[in-house]
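J.: Residue numbers (this note's numbering): 23 to 374. We put the beta carbon where it would ideally sit given N, CA and C, even for glycine. Dumping the structure here so I can ask a few things about it.
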């Protein structure tokens, strides 16, 4: 079961398989898995895993309508460091309608008790896993709670692996990562150069801004649409940004960065903004050679990494040499440039 959780980093449907095993091992009625968006206080991603005969899909649809009185959401939002929520603790201090919530859990979902574990906020979202007992069980057993804690601990570790932000240093043209409010979370050196120049795009209090007001409104709408649309929306969106200098407008390409899908339909919360063709051209191979003392072949390989290819095998195929020969050249390039790996090499070369 734990192996399925970690394999789910690259094959999300395995999380569902792991949760099915979790429900069976714990003798529970079902497990409820969700993501809380801290910025909106909503559950944009949620799912239930349990017996096919339990009509859980219908109950989940009803649950979405009852989210405003779900006591677990404000409870989790008030505890950004993470924690636990127990159904038996529900009261007016947590929700204005505790009786409605109790009736829903007991009669609509048929649960006797449930316990929710939620993680500390990670990039604005918190992972939630609730374990529901059958109607005749009015308290989780110590064994159920111990298994719940074990599974949740590994699930949140695996979700962090799946939620790792992309390495923008591997993108050669200007690229930045922003959240749904336009806050810049990361930017590669070519993007930082554009933002520093302030010709059409700039940074104000950590947020992406435009020189033209109309451009700014359109960009904000596109960012929100990209970050909070589900997978049924367009994979990419585009926006032209005018530059006060009169130079050709920047064409921005926005693409979503999905959260760990956990085997469910997901939302993004972050998007990558790229500006293809806006970065400076990489310097010529002979320039690399003179800067770092590379041979002609080493300089050619380094130049291909900076301008064309992301992997060594593609470089070797392009040059008509064996992969092992290319590896020998790459080790020499590392030694001369001081780079420890290919990621660091791209970062070193990006400065030129």
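1) Which ranges does the beta strand (DSSP E) cover as unbroken runs of at least 3 residues, wholly within the segment 93 to 131, from first to last along the chain?
2) Could you spell out the range, first to last residue, of the beta strand (DSSP E) harbouring residue 59?
3) Residue range of the beta strand (DSSP E) that residue 149 falls in?
4) How would you label residue 253, buried or exposed, when you count the other beta carbons within 10 angstroms and need 16 or more for buried?
5) Could you pull out every residue in the same chain whose Cβ sits closer than 7 Å to the Cβ of residue 134, ignoring the five residues on either side in sequence?
6) Where residue 282 and residue 66 are concerned, what is the direct C-alpha to C-alpha distance, given to the nearest angstrom?
7) Output needed for residue 213: all residues of its chain with C-beta closer than 6 Å, excluding positions within five of it in sequence on either side, in chain order.
8) What runs of the beta strand (DSSP E), each 3 residues or longer, lie entirely inside the segment 226 to 281?
9) Answer yes if the segment 163 to 176 comes into contact with the segment 184 to 193, meaning at least three C-beta pairs across the two stretches below 8 Å, and no otherwise.
10) Flag this pair as yes or no: are the beta carbons of residue 293 and residue 225 separated by less than 9 Å?
11) Rounded to whole angstroms, what is the Cα-Cα separation between residue 358 and residue 193?
12) Ignore the nearest five residues each way along the sequence and tell me which others in residue 363's own chain have a CB closer than 8 Å to its CB.
13) Shortest alpha-carbon distance to residue 272 belongs to which of 295, 371, 368 and 41?
14) Below 9 Å between beta carbons: does that hold for residue 50 and residue 150?
15) So, residue 123 versus residue 92, is the Cβ gap smaller than 9 Å?
16) Quick test of your reading: residue 152 and residue 136, contact by CB under 8 Å. State the CB separation rounded to the nearest angstrom.
17) Among 274, 94, 181 and 334, which has the Cα closest to the Cα of residue 21?
18) On a CA-only basis, which of 347, 211, 270 and 168 is nearest residue 370? Give me that one, please.
19) Going straight from the alpha carbon of residue 43 to that of residue 178, what length do you get?
20) Ordered along the chain, which non-local residues of its own chain (more than five positions away) have a Cβ less than 7 Å from that of residue 267?
T.: Working from what's here:
1) Within the segment 93 to 131, the runs of beta strand (DSSP E) that reach at least 3 residues and sit entirely inside it are, in chain order, 105 to 108.
2) Per DSSP, residue 59 is one residue of the beta strand (DSSP E) stretching across 52 to 59.
3) Start and end: 147 to 156.
4) Its pLDDT being 46, under 50, residue 253 is placed unreliably by the model, and the measurement read from it follows with that caveat. It counts as exposed.
5) Around residue 134: 155, 156, 157, 158, 159 and 160.
6) Its pLDDT being 49, under 50, residue 282 is placed unreliably in this model, and the coordinates cannot settle the point.
7) So the qualifying residues of the chain are 196, 197 and 198.
8) Correct list: 229 to 232, 258 to 263 and 272 to 279.
9) No, the segment 184 to 193 is not in contact with the segment 163 to 176.
10) Cβ distance not < 9 Å, so residue 293 and residue 225 don't count as in contact.
11) Going from the Cα of residue 358 to the Cα of residue 193 covers about 23 Å.
12) Cβ within range, chain order: 356.
13) Closest in C-alpha terms to residue 272, from the list 295, 371, 368 and 41, comes 295.
14) Contact: no.
15) When the beta-carbon positions are compared, residue 123 and residue 92 come within less than 9 Å of each other.
16) The C-beta distance from residue 152 to residue 136 rounds to 5 Å, short enough to meet the 8 Å contact threshold.
17) Nothing in the structure corresponds to residue 21, since the chain is present only between 23 and 374.
18) Closest by alpha carbon: 211.
19) Going by the C-alpha atoms only, they are around 17 Å apart.
20) Counting only Cβ-Cβ distances below 7 Å, and skipping sequence neighbours, we find 221.
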